[in-house]
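Asker: I'd like to ask some things about the structure below.
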Amino acid sequence: MLELDFAQGVGLFAFAVGASAFLHQNGNKFRLHLTIFQVILCCHFILMGAFTAAFGCGISALRSYASTQTKSKRVMWFFIGLLWLMGLPSLQHSYELLTIFGASVATWALFQAEGIKLRLLILFNSFCWLTNNLLLGSIGGTLMESTFIIVNLYTISRMFMSKKTI
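Going by my numbering, 1331 is the number at position 62 of the sequence shown; the sequence numbering is gapless.
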């Protein structure tokens, strides 16, 4: 049976913060909220001793924050390159390519997209991670991405409906 300790509590808190990020309709607030989520998740992985995952979350936090400060394609390509440079050598299964590809699409979205398009591309990333987590057998990761998908779809529908009424 899994033990609920401080590290797991931080992970559950990160899950709640992450899910609530998808409620934002404002792109910049969404990006900043994702940054906070990724920092908390990074702390969770450090407490769990999962330093590779912590490193990945740290890069994601920096990427999300950078996307609030600049839309520079150079910065975007730096983060995409970093994802592939760090990710490819650590692949253990072919389906893990989905996480690198999905994160690359999400990086492009954070730097180049807004509104519903941003959310749809992030949704694609969530489906990539959900598939990875299902194939990996990660219950927590599957629940997290499933929740992100549901909340993101809810927000996309709200954004779409508010556009229709204008």
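For every residue, glycine included, the Cβ atom is placed at its ideal position computed from N, Cα and C.
1) Counting along the chain, where does the alpha helix (DSSP H) carrying residue 1412 start and finish?
2) Answer with buried or exposed for residue 1361, where buried requires no fewer than 16 other C-beta atoms within 10 angstroms of its C-beta.
3) Between the stretch 1307-1319 and the stretch 1340-1352, are three or more C-beta pairs nearer than 8 angstroms?
4) Spatial neighbours of residue 1460 within its chain, please: C-beta separation below 8 angstroms, excluding the five flanking residues on both sides.
5) What does a CB cutoff of less than 6 angstroms around residue 1297 pick up in its chain, not counting 5 residues either side in sequence?
6) So, does the stretch 1285-1299 touch the stretch 1410-1420, judging by three or more C-beta pairs under 8 angstroms?
7) Under 8 angstroms by Cβ, that's how I've got residue 1330 and residue 1304 pegged, so tell me the actual separation to the nearest angstrom.
8) With H, G and I counted as helix, E and B as strand and the rest as coil, what does DSSP make of residue 1319?
Answerer: Taking the geometry as given:
1) 1408-1433
2) exposed
3) no
4) Within the shown structure, residues of the chain are numbered from 1270 to 1435, placing residue 1460 beyond reach of any answer.
5) 1337
6) yes
7) 5 angstroms
8) coil
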